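Following: one structure in C-alpha cells, then a few remarks.
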Amino acid sequence: MTANLYTLGQLAERLGATLRGSADKPVAGLASLQDAGPDQLSFLANPQYRKHLSITRAAAVLLKPADAEGFSGDALLVADPYLAYAQLSHLFDRKPQAPAGVHPTAVVAADAVVEAGATVGAYAVIECGARIAAGTCIGAHCFIGARSVVGAGGWLAPRVTLYHDVRIGERVVIQSGAVIGGEGFGFANQKGVWQKIAQIGGVSIGDDVEIGANTTIDRGALADTLIGNGVKLDNQIMVAHNVQIGDHTAMAGCVGISGSTKIGSHCMIAGGVGMVGHIEVCDNVFVTGMTMVTRSITEPGAYSSGTAMQPAGEWKKSAARIRQLDDMARRLQQLEKRLASVTPGGEAPSEA
Amino acid sequence: MTANLYTLGQLAERLGATLRGSADKPVAGLASLQDAGPDQLSFLANPQYRKHLSITRAAAVLLKPADAEGFSGDALLVADPYLAYAQLSHLFDRKPQAPAGVHPTAVVAADAVVEAGATVGAYAVIECGARIAAGTCIGAHCFIGARSVVGAGGWLAPRVTLYHDVRIGERVVIQSGAVIGGEGFGFANQKGVWQKIAQIGGVSIGDDVEIGANTTIDRGALADTLIGNGVKLDNQIMVAHNVQIGDHTAMAGCVGISGSTKIGSHCMIAGGVGMVGHIEVCDNVFVTGMTMVTRSITEPGAYSSGTAMQPAGEWKKSAARIRQLDDMARRLQQLEKRLASVTPGGEAPSEA
Amino acid sequence: MTANLYTLGQLAERLGATLRGSADKPVAGLASLQDAGPDQLSFLANPQYRKHLSITRAAAVLLKPADAEGFSGDALLVADPYLAYAQLSHLFDRKPQAPAGVHPTAVVAADAVVEAGATVGAYAVIECGARIAAGTCIGAHCFIGARSVVGAGGWLAPRVTLYHDVRIGERVVIQSGAVIGGEGFGFANQKGVWQKIAQIGGVSIGDDVEIGANTTIDRGALADTLIGNGVKLDNQIMVAHNVQIGDHTAMAGCVGISGSTKIGSHCMIAGGVGMVGHIEVCDNVFVTGMTMVTRSITEPGAYSSGTAMQPAGEWKKSAARIRQLDDMARRLQQLEKRLASVTPGGEAPSEA
Numbered sequence: 001m002t003a004n005l006y007t008l009g010q011l012a013e014r015l016g017a018t019l020r021g022s023a024d025k026p027v028a029g030l031a032s033l034q035d036a037g038p039d040q041l042s043f044l045a046n047p048q049y050r051k052h053l054s055i056t057r058a059a060a061v062l063l064k065p066a067d068a069e070g071f072s073g074d075a076l077l078v079a080d081p082y083l084a085y086a087q088l089s090h091l092f093d094r095k096p097q098a099p100a101g102v103h104p105t106a107v108v109a110a111d112a113v114v115e116a117g118a119t120v121g122a123y124a125v126i127e128c129g130a131r132i133a134a135g136t137c138i139g140a141h142c143f144i145g146a147r148s149v150v151g152a153g154g155w156l157a158p159r160v161t162l163y164h165d166v167r168i169g170e171r172v173v174i175q176s177g178a179v180i181g182g183e184g185f186g187f188a189n190q191k192g193v194w195q196k197i198a199q200i201g202g203v204s205i206g207d208d209v210e211i212g213a214n215t216t217i218d219r220g221a222l223a224d225t226l227i228g229n230g231v232k233l234d235n236q237i238m239v240a241h242n243v244q245i246g247d248h249t250a251m252a253g254c255v256g257i258s259g260s261t262k263i264g265s266h267c268m269i270a271g272g273v274g275m276v277g278h279i280e281v282c283d284n285v286f287v288t289g290m291t292m293v294t295r296s297i298t299e300p301g302a303y304s305s306g307t308a309m310q311p312a313g314e315w316k317k318s319a320a321r322i323r324q325l326d327d328m329a330r331r332l333q334q335l336e337k338r339l340a341s342v343t344p345g346g347e348a349p350s351e352a
Numbered sequence: 001m002t003a004n005l006y007t008l009g010q011l012a013e014r015l016g017a018t019l020r021g022s023a024d025k026p027v028a029g030l031a032s033l034q035d036a037g038p039d040q041l042s043f044l045a046n047p048q049y050r051k052h053l054s055i056t057r058a059a060a061v062l063l064k065p066a067d068a069e070g071f072s073g074d075a076l077l078v079a080d081p082y083l084a085y086a087q088l089s090h091l092f093d094r095k096p097q098a099p100a101g102v103h104p105t106a107v108v109a110a111d112a113v114v115e116a117g118a119t120v121g122a123y124a125v126i127e128c129g130a131r132i133a134a135g136t137c138i139g140a141h142c143f144i145g146a147r148s149v150v151g152a153g154g155w156l157a158p159r160v161t162l163y164h165d166v167r168i169g170e171r172v173v174i175q176s177g178a179v180i181g182g183e184g185f186g187f188a189n190q191k192g193v194w195q196k197i198a199q200i201g202g203v204s205i206g207d208d209v210e211i212g213a214n215t216t217i218d219r220g221a222l223a224d225t226l227i228g229n230g231v232k233l234d235n236q237i238m239v240a241h242n243v244q245i246g247d248h249t250a251m252a253g254c255v256g257i258s259g260s261t262k263i264g265s266h267c268m269i270a271g272g273v274g275m276v277g278h279i280e281v282c283d284n285v286f287v288t289g290m291t292m293v294t295r296s297i298t299e300p301g302a303y304s305s306g307t308a309m310q311p312a313g314e315w316k317k318s319a320a321r322i323r324q325l326d327d328m329a330r331r332l333q334q335l336e337k338r339l340a341s342v343t344p345g346g347e348a349p350s351e352a
Numbered sequence: 001m002t003a004n005l006y007t008l009g010q011l012a013e014r015l016g017a018t019l020r021g022s023a024d025k026p027v028a029g030l031a032s033l034q035d036a037g038p039d040q041l042s043f044l045a046n047p048q049y050r051k052h053l054s055i056t057r058a059a060a061v062l063l064k065p066a067d068a069e070g071f072s073g074d075a076l077l078v079a080d081p082y083l084a085y086a087q088l089s090h091l092f093d094r095k096p097q098a099p100a101g102v103h104p105t106a107v108v109a110a111d112a113v114v115e116a117g118a119t120v121g122a123y124a125v126i127e128c129g130a131r132i133a134a135g136t137c138i139g140a141h142c143f144i145g146a147r148s149v150v151g152a153g154g155w156l157a158p159r160v161t162l163y164h165d166v167r168i169g170e171r172v173v174i175q176s177g178a179v180i181g182g183e184g185f186g187f188a189n190q191k192g193v194w195q196k197i198a199q200i201g202g203v204s205i206g207d208d209v210e211i212g213a214n215t216t217i218d219r220g221a222l223a224d225t226l227i228g229n230g231v232k233l234d235n236q237i238m239v240a241h242n243v244q245i246g247d248h249t250a251m252a253g254c255v256g257i258s259g260s261t262k263i264g265s266h267c268m269i270a271g272g273v274g275m276v277g278h279i280e281v282c283d284n285v286f287v288t289g290m291t292m293v294t295r296s297i298t299e300p301g302a303y304s305s306g307t308a309m310q311p312a313g314e315w316k317k318s319a320a321r322i323r324q325l326d327d328m329a330r331r332l333q334q335l336e337k338r339l340a341s342v343t344p345g346g347e348a349p350s351e352a
C-alpha cells in the first residue's frame, strides 16, 4: 500500500469510529461533501451542509450517529466529525518532508547546536549560541539569531526570522515571513525628536504554538514578550513589545496588539481587531471582527465595536447624523421636558 | 539612440495619437505637469490638475482633444490620457533586467524544470517537481516549493515564497515578501485545545495577476484557494484559505478576507476592508475603505461602514451617545405617542 | 570590567545625573520597578507605577528630584527619567555586533561599493551600482537593488529588501521583512481590465529613520515617495506610492497610508489608522487608533473615528439603531415642530 492510501477499516480503527459499510473500501483523500469523488472521505460538521449529504459521491462520510440515520452510504460514526476530520487530515498532507541533516549551504556558527535528527534547509543562517532541538525542521532562508532556541518537533517554514534571544517551545509551527524578536517600538521624546530605547528583553513562546505568515512578534523592552502554550496566531498579526498572551488563545488574521497589553487564556480574537496598549483582557473573551478594544475587559463574554455595513448612500447619511448625535440627544431631552410641562400629570423621564 | 530616449513622433506612433508639435523633439522621461522638465512628457487625466497646464514646462502633454483647445504647447491627443500614460510608462522604467539563466548559487532540485529563457536569481531555491516557464524571472532569495508551477512571462521580485502545489498562470507579477500557499488557519477545538487541521489544498492563480509586497494567500483546507485572471492585489493583503476572487477584481492595501468567502468579478475593494468568512460578494461591488463586510452582498453598488472622523473631543461625545442610541430611539417613539395623544387629530407615526 | 557592567557612579556621569547613594554599586542591567533585582537599575516615569517604588529591590532608581523625596533607596536624579532610561538602555543591549567586512557568501556586484567599515552578512545580495556607506551593517539575506544607497551608520536587520533606486540617509534602522521600493499599485482601467503603470519613481528616506518589521514603502509612480528625517514607523505599516511623511512623525503598527497623501511633521498616528489618498495632514496632528481619515486635516489637534466597544448584544442594538438614525433625526425635528405648534409661545429650535 502506497502512502496516502487507506481502507475505511484502517481509518475507523485510527479514530475508534463505528464503521458502517465496507472495511476494504479504499480512501485516497479528503474532500467536501460537494466535491468528494468515489475514493474520497468527507464529513458533515456544519448543519447547513446537511443538504449535500444526499447527493455526495464520497466513499464514506464522517458522521454523528444522529446524522447517519437517513443516510444510506458508507459512514464512520464518531462523536465529533470535525475533530475526526482534523485527525485524519494529516494522513493526506502532501507537505514535503525535508531530509534530516544540515544542508551544505547553511551557515551554522561554530558554537551553535543542531541536535541529531534536526533539519536545516538551504541558505539558512544559524548564529552563535543558538540551539535547534531534535526533530525540528528549519526551512530554507531561515535566520536564527544568537542564543535563540527552537524546541523539539517544530517546523519553521522557509524564510522565518528569529532575532537573538528568542526562546521557542516544543512542536511550534511558524509560517513564512514571520519575524520574531524584532525591536519593539520604543522611543523617548526629547524636544520633538524621538530617541530610541534599546529593546533588551527577548521573546518566550510556549509549546504547541502556531504563528502565521508575515506575523510579527516584537521583543520586550526590558523583560520578555510572552506567548503561552497552545496559542494560535494567524497571518499578519502584530504583537508589540511586552505583550502577554495566555494559553490556548487564538487570533485570526490582521489583529494588532499594542505594547504591554495582557490577554488571558482561551480567548478568541477575530480578524482585524486592534487593542490599545497597557490593558488587560480576562480569560474566555471573544472579540468580534475589527473591534477596537480601548479598555480592559474584566468579564468573559463577547465584545464588539464598529457600525454595520450599508449601501454607501445611506451610510453617508448615517455618518453625518452620528456627528449630530450629541445635539439630537439634548433636543430629545428638552422635548421630553417640554412635553411633560404641557401634559396634565405628565412626567419627564430621567435622562439615561 | 540610447534606451529610454524617444522622439515625440515615435511616441505618437506607438499610441496611435495625433501629434500636435515637433515630431523630432526628444523625450527622456515622464513627470507630472508640475514637475516635468523640458525633456519630459506629462499628461492631464484628473480635471483638478488642469490649472497646472498653463504653467507646465513639459516637452509635451498627453491630452484629450477637448482639453487641448486652450493649450499652446506640444501635445499628443488621445482618447484616454491616463491609459496612454500607462502604456508609455514602461518605456521609461529603470527596473533592472536580470540576465537569463540560472544563477550559480541557486539550488534547483534535480527534477525541477527551468525552461529556456527563464531567469533564476542568486540564492533562490526551487524544490522537486517545480516548473518555471519560459520568460519568467525568479528573483534572488525566492523559494519555489515542491510541484509548484509559475507560468510564462512572469516576474517574482526578490524574496517571494511559494509553498508546495501552488499553480500560477502567465504574466503574473509578485512583489517581495509575498507568501503564497501558507497553511490556512484551520483548527478543531477539543475541550479548549486547538487541534491542527492539515491544509491539503493548494492555491491556483490565474493569468495577468499582480500580488503586492508582503501579501499572504493561504492554501485551501481541501480544495484550492482561487484567484481569477487579471486580479490585482496591493500590499499586505491577507487572503485566507478557500477564498475565491473573481476575474479583474482589484483590492487596495491591508484588506483581509476570511476563509471560504467568495468575491465576484470586477469588484473594487478599498484599503483596510475586512470581510468575514463564508459570505458571497457579487460582481461589480465597490467597498469603501475600512468597511467591515459582515454579510453577503447580492446587489452591485457601493457599500460602507464606520463613522466619519471628528476632532477627538467631539468624537468622545458621539461615541458615548451611540451607546445610548437604543434608549434614545425608545424615548423618541414614546414621545411621538404621547404627543399624538395630546394633539387634537394627531397621529403617531409608526416606528421605522 | 566586562561589558554590560557599570557602577552607579559611571552611569551618573554619563547622564549628568545627581547620584544619591553608593557610587561603587555595580549595575548589570535594567528592569521595571517590580522586576528589578539588586544589581539592576530601574526608573519611575509613569506616575501610576509610583506605588511600586516602596517595594522595589532595584540597585537604584532613575527619578525626578520631586519623586525622590519619600524614597530611601539609591537614586539617580534627572530631569526626565524616561529619557535617561532610553539613553542608558543601549549600554545593556545584547544585540550581536556583526564583524566588519563582507561575508564570503554575499553576492556583491562588481561595480557596487561597500565602504570600509561596512558589514555585509551571509547571503546578502547587492546589485550593480549600489553603495553601502561606512559603518553600516547589512544583515544576512538582505537584497539591495541596483543603484540603491544606504547612508553611514545604519543597520538593516536580516532579510530586508530594497528595490532599485532607493536612497536611504544616515543612521537608519530597518527591521526584518521590510520592503522598500516595491512597485506602487498603479493601474489604468481599460474596459474593465487593469493595465499596469510602470512605477518609475524611487524612494527617498531621510536620516535617523526607523522602519519596522514587514513594513512596506512603495516607490513613486513618477517622483520619489518621501520619508523625512527622524520618522519612526512601527511594524506592518503600508506606505503607498507618492506619499510624503514629514520630519519626526511617528506611526504605530498596522497603519495604512494611501497613495499621494502628504503628512506633516511631528504627527503621531496611532495603530491601525487608515488614510485615503490625495489628502494632506498638517503638522502636529494626533490621530487615535483605528481612525479612518477620509479628508485633509488642516488644524493641529487630536482626531478620531469609530465607535466604542460594547458587549456584543448591546452592540447589535446600537448598530441597528445607527441605520435608523437618519429617520430618527427627521422624526425628532417633526416632533419639535408639532410640539411648538401646540405649546403656547413655543418655538421650534432650528435644525442643527
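Residue numbers (full-length UniProt numbering), protein chains in the order written: chain A, 1 to 352; chain B, 1 to 352; chain C, 1 to 352. C-beta: ideal position from N, C-alpha, C; glycine also. Small disclaimer: the values here were computed from a predicted structure and weren't measured.
Note to self: I'd like to know if phenylalanine 92 of chain A contacts chain B, where contact means its C-beta is closer than 8 Å to some C-beta of that chain.
What the structure shows: Flagged as an interface residue toward chain B: phenylalanine 92 of chain A, by a C-beta distance shorter than 8 Å.
Note to self: Bridge partners for asparagine 189 of chain B per DSSP, in chain order?
What the structure shows: B:Trp194
Check: Can you list, in chain order, the stretches of the alpha helix (DSSP H) that have 4 or more residues and sit fully within the stretch 265-328 of chain B?
Finding: 312-323
Checklist line | DSSP-derived helix/strand/coil call for leucine 332 of chain C | finding: helix
Notebook entry, point to check: Listed in chain order, which residues of the stretch 275-288 of chain C have Cβ atoms closer than 7 Å to some Cβ of chain B?
Noted result: In summary, the residues of the stretch 275-288 of chain C whose CB is separated from some CB of chain B by less than 7 Å are Val276, Thr288, in the order they occur in the chain.
Item checked: Where tyrosine 123 of chain B sits in the DSSP three-state scheme -> Three-state result, tyrosine 123 of chain B: coil.
Notebook entry, point to check: With 8 Å set as the bound, which would you pick, yes or no: does the beta-carbon of lysine 317 of chain C sit closer than that to a beta-carbon of chain B?
Noted result: yes
Check: If contact means a Cβ-Cβ distance below 7 Å, which residues of the stretch 175-191 of chain C contact chain A?
Finding: Answer set for the stretch 175-191 of chain C: Gln175, Ser176, Gly177.
Margin query: Could you give the first and the last residue of the continuous alpha helix (DSSP H) run that contains glutamine 10 of chain B?
Written below: Where glutamine 10 of chain B is concerned, the enclosing alpha helix (DSSP H) stretches over 8-15.
Check: Would you say the stretch 101-120 of chain C touches the stretch 199-218 of chain A, given that touching needs at least three Cβ pairs under 8 Å?
Finding: no
Check: isoleucine 205 of chain A bridges to which residues according to DSSP?
Finding: A:Ile168, A:Ile227
Next item on the list: List the residues of chain A that arginine 323 of chain C touches, going by C-beta distances under 7 Å, in chain order.
Entry: Ala308, Gln310, Ser318
Note to self: Please list, in chain order, the residues of the stretch 94-109 of chain B that have any C-beta partner in chain C closer than 9 Å.
What the structure shows: Arg94, Lys95, Pro96, His103, Thr105
Next item on the list: Return the residues of the stretch 114-138 of chain A that lie within a Cβ-Cβ distance of less than 7 Å from chain C, sorted by chain order.
Entry: Tyr123, Val125, Glu127
Note to self: Which same chain residues end up closer than 6 Å to serine 296 of chain C when comparing Cβ atoms and leaving out the 5 residues on each side of it in sequence?
What the structure shows: Ile279, Glu280
Checklist line | Completely contained beta strand (DSSP E) runs for the stretch 140-168 of chain C, where each covers 3 or more residues | finding: Whole beta strand (DSSP E) segments, 3+ residues: 166-168.
Item checked: Beta-carbon neighbours of glutamate 336 of chain A, restricted to chain B and to distances below 8 Å -> Arg331, Leu335
Notebook entry, point to check: Where does the unbroken alpha helix (DSSP H) through alanine 84 of chain A begin, and where does it stop?
Noted result: Run containing alanine 84 of chain A: 81-89, per the alpha helix (DSSP H) assignment.
Next item on the list: Could you tell me which residues DSSP puts in a beta bridge with alanine 60 of chain C?
Entry: C:Leu41
Item checked: Proximity test, Cβ basis, 8 Å: asparagine 235 of chain B and chain A -> no
Next item on the list: List the residues that DSSP assigns as beta-bridge partners of glutamate 210 of chain A.
Entry: A:Val173, A:Lys232
Next item on the list: Measure the C-alpha to C-alpha separation of alanine 116 of chain B and cysteine 137 of chain B and round it to an integer number of angstroms.
Entry: 11 Å
Item checked: Helix, strand or coil at alanine 116 of chain B [DSSP, three-state] -> Three-state result, alanine 116 of chain B: coil.
Next item on the list: Taking 8 Å as the threshold, find out whether the stretch 320-335 of chain A comes into contact with the stretch 59-66 of chain B through three or more Cβ pairs.
Entry: Segments in contact, no.
Next item on the list: List the residues of chain A that aspartate 39 of chain C touches, going by C-beta distances under 9 Å, in chain order.
Entry: Within chain A, no residue comes near aspartate 39 of chain C; the closest Cβ sits about 14 Å away, beyond 9 Å.
Next item on the list: Have a look at B:Gly228, B:Ala140, B:Ala252, B:Asp93 and flag the residue whose alpha-carbon is nearest the alpha-carbon of methionine 238 of chain B.
Entry: B:Ala252
Check: Which one of C:Leu41, C:Gln34, C:Asp165, C:Pro38 has the shortest CA to CA distance from lysine 51 of chain C?
Finding: C:Gln34
Next item on the list: Determine contact between the stretch 72-81 of chain C and the stretch 7-18 of chain C, defined as no fewer than three beta-carbon pairs at a distance below 8 Å.
Entry: yes
Next item on the list: For valine 342 of chain C, write down the residues that DSSP places opposite it in a beta bridge.
Entry: According to DSSP, which records beta bridges pairwise, valine 342 of chain C is partnered with nothing at all.
Checklist line | Coarse secondary structure for aspartate 67 of chain A, derived from DSSP in three states | finding: helix
Notebook entry, point to check: How about alanine 260 of chain B and valine 243 of chain B: are their beta carbons less than 8 Å apart?
Noted result: Just to set this straight, residue 260 of chain B is serine in the shown sequence, not alanine. Yes, these two residues count as a Cβ contact at 8 Å.
Next item on the list: Look at the Cβ atom of glutamate 4 of chain A, then the Cβ atom of glycine 182 of chain B, and state whether they are nearer than 8 Å.
Entry: Reading the sequence as shown, one finds asparagine at residue 4 of chain A and not glutamate. Not a contact, by the Cβ cut-off of 8 Å.
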